[in-house]
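Asker: In order, the protein sequences belong to chains V and S.
The opening residue of the first sequence carries number 421 in our numbering; numbering runs sequentially from there.
The opening residue of the second sequence carries number 781 in our numbering; numbering runs sequentially from there.
If you scroll down you'll find the structure; I have some questions about it.
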Amino acid sequence: MAKILKYIFLIGIGLSILIGLFFRPEHPHFWWEKLPAFDAIFGFVGCILIVLGSKALGHHWIQKDEDYYNG
Amino acid sequence: MVEIVPPAFIFILGALLIPLLRDRRVRQVLQLLIPVIAFIDLLYMPKGSYWIYDFLGYNLILGKVDKLSMCFGYVFVIMAFLGMVYALHVRDVGQHVAAFLYIGSALGVTFAGDLFTLFAFWEIMAISSVFLIWYQRDSAALDAGFRYIMVHIFGGCALLSGIIIYVVNTGSTHFDPIQYGGLASQFILLGFIINAAVPPFHAWLSDSYPEATVTGSVFLTAFTTKSAVYVLLRAFAGVELLVWLGAIMAVYGVVYAVLENDIRRLLAYHIISQVGYMVCGVGLGSELAMNGSTAHAFCHILYKALLFMGAAAVIHVTGRRKLTELQGRNLHKQMPVCLSLYMIGGFSISAVPLFNGFVSKSMVVAAAGELHRPMIYLLLHLASIGTFLHTGLKLPYGTWFGRVPEGEKIDEVEAREPPLNMLIAMGMTAFLCIYTGVYPKVLYDLLPYPVHYYPYTPYHVVTMMQLLLLTAAAFWIYIDKLGGEATMSLDTDWFYRKPGLLLLWFCIHPLQNLRLALQRSVAGMVVGVTSLSRNPILLPEIALRYLHLKVVNGLYRISGPSEQRAEALKNLESRITELRHMNYDENLYRRPIGLGVLLAIILLFFYGLIYYIRLR
């Protein structure tokens, strides 16, 4: 089951990028909208950035012990 | 002929009626009937300004009805109904009263045509909503509620200050677009953005919503922030400051959601993030952006309520609220319906095509594109990624599936589907999320400006799918890193919680000690005066004996021990104690009456003498 889901997921990614190549924006406002598969790359890189960035910020500064205010 | 009345009054009247009904079934019927009556009332309300009352020479306008206020009015009443279905099993009548007052005042704000009415309902909203937190009845909720109400009272004071300056300057109390610039507008804006939870004034939201009751938190998500978005739309469209505040806010909420362990707090940070889109849309100020903000507020109320309903249902059946206590327990086996309905909310907030977030969020992003704001566009896009990552992937995975970190034991947790009324409420909300997503025309017709926006272009659908699928891919890679961590996150509430603790410490320790020391010394003085005044006549004798005692004592020390002196000392001491305990008895001190007469004559003589000298 998990394996089938995995394949469906990977096929979905492949398909969305493939189909994306055929549709271009009618009125691009920014240069990056003309790049093929920009949103895919932005999604992947952006997600990694959010995870790593937030975790780094959290571990070095923001995250404190649970009874920080009561301890 | 039945007259239409301000919808706020229907709810407030309902709040007053509910505690009078003893029978639970009748009360439940009324709880559901009131939103229905209010909805019918809304349908019959014509456009324009009415329900105008004279108050101290100013006009109070309770019905300023146009497309903008109608749109918020509809969604508030729909939400009232859904929330009431969700809360139907609650036996605590007070919670329903608080909820009805809260909804009523939010509707009052929505249809307020003048600043005084606005302010009055604004304050009722703050005061009634805090009870939805306090009814949780634990110390965390009590503390969080107090912090919540203090922040809102501060915001209310800012708003009132602004309103007074505004009215004095312009002479008008009408709630119209306010020119930004100058003290009046800044104070009013401050009051508004505190309720909209714009950083750095957002911490009240993530602090208090997760502490509220299971059903109360669902109401809280809908009204305070969205009525703030409404007043911002009405008064501050096109203020550049809001563009940046909104965009930063959207990302800010996402960053904190990564770190959060409490499931409702995670969702609360996503309220902040989503309201960021709306605030940004207000700032952009174009027709598309304003439509986008309104539409997003409408959709957000529905899907965020659904998400909170799902998360709160888990808390309701398991009593647990943290990812670290839920992950790896495979709750999806026991509550598949709840999970599926939650996921509809998750897909909606993530703007998956065919769900309502897709048709509303993209309007604001498109407006940023249309106005050529590359930074804003990218920030909002980035926030979309984070939204899907947390509410669509991390939270459901951690809550219903998840893995336990190695070495940690899994404790059994009892779970089942939540009560039927909760599931029905979730089902209806989920239906509305999909309905407005599939058929956006019904939503677009409600928006303040004519809509020329088509969300379902192939390019838009396909790029959105790319963004979401690749976000999921990245989540897959970091899946083990994203489990809950048993920590809390510092936020801007530090700036009042820490000084607050310091103030408390100051009161408990130095101030309390000072009070005790003062009390002790004053009490000592009182004791001294009391013992002295027991018998003032004997005071000279006691003093003399005391002196005697001291002298004898001194001699005793110098000359060394001697039995005779020890005896004398003992006698003296006992005599002093005896004297000190001797009460005043006037019979002991009676003198012949002649003495009194003699004293009087002597006094009279001196009086006469002085009088005579003065006369000369």
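Idealized CB from N, CA, C, for every residue including glycine.
Which residues in the same chain as Ala-886/S place their Cβ atom closer than 7 Å to its Cβ, once the five residues preceding and following it in sequence are excluded?
Answerer: Counted from its first residue, the second sequence places residue 886/S at position 106. Hits under 7 Å: Phe-856, Met-905, Phe-1003, Ser-1007.
Asker: Go through its chain and collect everything with a Cβ distance to Ser-1311/S's Cβ below 6 Å, but skip five positions before and after it.
Answerer: Reading the second sequence from its first residue, position 531 is the one you call residue 1311/S. Excluding sequence neighbours, Ser-1311/S sits near nothing in its chain.
Asker: So, is the C-beta of Ala-422/V closer than 9 Å to a C-beta in chain S?
Answerer: Looking up residue 422/V in the first sequence gives position 2. Chain S contact via Cβ: absent.
Asker: Please classify Lys-1261/S: does DSSP put it in a helix, a strand, or coil?
Answerer: For the purposes of this step, residue 1261/S is identified with residue 481 of the second sequence, where counting begins at 1. Lys-1261/S: coil per DSSP, three-state reduction.
Asker: Suppose contacts are defined by Cβ-Cβ distances below 9 Å. Is Thr-1098/S in contact with Glu-446/V by that definition?
Answerer: Your numbering for residue 1098/S matches position 318 in the second sequence. Your numbering for residue 446/V matches position 26 in the first sequence. No, the pair does not count as a contact, with Cβ atoms beyond the cut-off.
Asker: Would Phe-999/S pass as a contact of Ile-883/S if the rule is Cβ separation under 9 Å?
Answerer: Start at 1 with the first residue of the second sequence, and residue 999/S comes out as number 219. Start at 1 with the first residue of the second sequence, and residue 883/S comes out as number 103. A contact, by the Cβ cut-off of 9 Å.
Asker: Determine which residues share a DSSP beta bridge with Phe-835/S and list them.
Answerer: Mapped onto the second sequence, residue 835/S falls at position 55. In the DSSP output, where bridge partners are listed per residue, Phe-835/S has Tyr-838/S.
Asker: Measure from the alpha carbon of Ile-974/S to the alpha carbon of each residue in Ser-965/S, Leu-985/S, Ala-964/S, then state which is nearest.
Answerer: Position 194 of the second sequence holds residue 974/S. The candidate whose alpha carbon is nearest that of Ile-974/S is Leu-985/S.
Asker: Quick check on His-449/V - is its C-beta less than 9 Å from some C-beta in chain S?
Answerer: On the first sequence, position 29 is the one that residue 449/V refers to. So yes, His-449/V belongs to the interface.
Asker: Tell me the DSSP secondary structure of Met-781/S in three-state form.
Answerer: For the purposes of this step, residue 781/S is taken as the residue at position 1 of the second sequence. With a pLDDT of only 49 at Met-781/S, under the threshold of 50, the placement of this residue in the model should not be trusted; the figure read from the coordinates follows. In the structure shown, Met-781/S sits in coil (DSSP, three-state: anything other than H, G, I, E or B).
Asker: How would you label Ser-1301/S, buried or exposed, when you count the other beta carbons within 10 angstroms and need 16 or more for buried?
Answerer: Taking the second sequence and counting its residues from 1, one reaches residue 1301/S at position 521. Ser-1301/S is exposed by the Cβ-count criterion.
Asker: To the nearest whole angstrom, what separates the beta carbons of Val-775/S and Tyr-960/S, a pair I think is in contact under 8 Å?
Answerer: Residue 775/S cannot be examined here, being either before or after the span of chain S that is shown, 781 to 1396.
Asker: Would you mind sorting Arg-1045/S into buried or exposed? The rule is 16 or more other CB atoms within 10 Å of its CB.
Answerer: If you number the second sequence from 1, residue 1045/S lands on position 265. That one is buried.
Asker: Keeping to the same chain, check which residues put their C-beta closer than 8 Å to that of Thr-1357/S; ignore five residues upstream and five downstream.
Answerer: Taking the second sequence and counting its residues from 1, one reaches residue 1357/S at position 577. If we look at Thr-1357/S and ignore the five residues flanking it on each side, it has no Cβ neighbours.
Asker: Which of helix, strand or coil does DSSP assign to Lys-1102/S?
Answerer: Position 322 of the second sequence, counting from 1, holds the residue named residue 1102/S. Residue state, collapsed to three classes: strand.
Asker: So Arg-1396/S is in the alpha helix (DSSP H); what residue range does that whole segment cover?
Answerer: Position 616 of the second sequence holds residue 1396/S. Segment: none, Arg-1396/S is in no alpha helix (DSSP H) and carries neither H nor E.
Asker: Does the beta-carbon distance from Leu-842/S to Thr-897/S come in below 9 Å?
Answerer: The residue given as residue 842/S occupies position 62 in the second sequence. The residue given as residue 897/S occupies position 117 in the second sequence. Taking 9 Å as the Cβ cut-off, Leu-842/S and Thr-897/S qualify as a contacting pair.
Asker: From Thr-1001/S, Leu-1021/S, Val-910/S, pick the residue whose C-alpha is nearest to that of Tyr-1083/S; which is it?
Answerer: What you label residue 1083/S is simply residue 303 of the second sequence in a count that begins at 1. The shortest C-alpha separation from Tyr-1083/S is found at Thr-1001/S.
Asker: Can you look up Tyr-1157/S in the DSSP assignment and give me helix, strand or coil?
Answerer: Here residue 1157/S refers to the residue found at position 377 of the second sequence. Tyr-1157/S: helix per DSSP, three-state reduction.
Asker: Is Gly-1405/S helix, strand or coil by DSSP?
Answerer: In this structure chain S extends from 781 to 1396, so residue 1405/S is not present and cannot be described.
Asker: When you check each C-beta in the segment 1141–1153 of chain S against every C-beta of chain V, which residues fall closer than 8 Å?
Answerer: Listed by position, the residues of the segment 1141–1153 of chain S near chain V (Cβ gap below 8 Å) are Gly-1149, Glu-1150, His-1152.
Asker: So is Lys-454/V in contact with chain S if we call contact Cβ pairs under 9 Å?
Answerer: As a first step, residue 454/V must be located in the first sequence, where it is residue number 34. Not one chain S Cβ lies under 9 Å of Lys-454/V.
Asker: What alpha helix (DSSP H) runs, 4 residues minimum, are completely inside the segment 1047–1111 of chain S?
Answerer: Runs of the alpha helix (DSSP H) inside the segment 1047–1111 of chain S: 1067–1098, 1103–1106.
Asker: So with Cβ pairs under 9 Å, would you call Met-781/S a contact of chain V?
Answerer: To locate residue 781/S, count along the second sequence from 1; it is residue 1. Reliability fails at Met-781/S, whose pLDDT of 49 lies under 50, so the model's placement of it is uncertain and the value that follows must be treated cautiously. No, because no Cβ of chain V sits closer than 9 Å to the Cβ of Met-781/S.
Asker: Applying the 10 Å Cβ sphere with the 16-neighbour rule, what's the burial state of Trp-1285/S?
Answerer: Walking along the second sequence from the start, residue 1285/S turns up at place 505. Trp-1285/S should be labelled exposed.
Asker: Give the single residue among Ile-943/S, Ser-952/S, Pro-980/S whose Cα lies nearest to the Cα of Phe-967/S.
Answerer: Here residue 967/S is taken as the residue at index 187 of the second sequence, counted from 1. Selected option, being the one with the closest Cα: Ile-943/S.
Asker: When the cut-off is 9 Å and only beta carbons count, does Ile-1028/S lie next to chain V?
Answerer: By one-based count along the second sequence, residue 1028/S stands at place 248. Output row for Ile-1028/S: interface = no.
Asker: What residues in its chain sit with their C-beta under 7 Å from that of Ala-1195/S, if we drop five residues either side in the sequence?
Answerer: Within the second sequence, the letter at position 415 stands for residue 1195/S. The residues are Val-1097, Thr-1098, Leu-1111, Gln-1114, Met-1115.
Asker: Taking Cβ-Cβ distances shorter than 8 Å, what residues in chain V pair up with Phe-1135/S?
Answerer: As a first step, residue 1135/S is located in the second sequence; it is residue number 355 there, counting from the start. Correct list: empty, because the minimum Cβ distance to chain V is about 17 Å.
Asker: Look at the alpha carbon of Leu-836/S and the alpha carbon of Val-806/S, and state the distance between them as a whole number of angstroms.
Answerer: What you label residue 836/S is simply residue 56 of the second sequence in a count that begins at 1. What you label residue 806/S is simply residue 26 of the second sequence in a count that begins at 1. Leu-836/S and Val-806/S: Cα-Cα distance of roughly 41 Å.
Asker: Taking its Cβ as the centre, do 16 or more other Cβ atoms sit within 10 Å of Tyr-736/S, making it buried, or is it exposed?
Answerer: Beyond the ends of chain S as shown, which are 781 and 1396, falls residue 736/S; an answer cannot be given.
Asker: Examine chain S for any beta-carbon lying closer than 9 Å to the beta-carbon of Gly-440/V, and answer yes or no.
Answerer: Within the first sequence, residue 440/V is the residue found at index 20, counting from 1. For Gly-440/V, the answer is yes, since a Cβ of chain S falls inside 9 Å of its Cβ.
Asker: Just verifying my parser: in three-state terms, what is the DSSP assignment at Val-1231/S?
Answerer: Here residue 1231/S refers to the residue found at position 451 when the second sequence is read from its first residue. Coil.
Asker: If we define contact as Cβ-Cβ less than 9 Å, is Pro-1238/S a contact residue for chain V?
Answerer: Taking the first residue of the second sequence as 1, we reach residue 1238/S at position 458. Taking Cβ atoms only, chain V reaches closer than 9 Å to Pro-1238/S, which makes this a yes.
Asker: Compile a chain-ordered list of the residues in the segment 1247–1265 of chain S whose CB is closer than 9 Å to at least one CB of chain V.
Answerer: Listed by position, the residues of the segment 1247–1265 of chain S near chain V (Cβ gap below 9 Å) are Leu-1247, Leu-1248, Leu-1249, Leu-1250, Thr-1251, Ala-1252, Ala-1253, Ala-1254, Phe-1255, Trp-1256, Ile-1257, Tyr-1258, Lys-1261, Leu-1262, Glu-1265.
Asker: Under 9 Å, Cβ to Cβ, is there at least one residue of chain S near Tyr-488/V?
Answerer: Here residue 488/V is taken as the residue at index 68 of the first sequence, counted from 1. For Tyr-488/V, the answer is yes, since a Cβ of chain S falls inside 9 Å of its Cβ.
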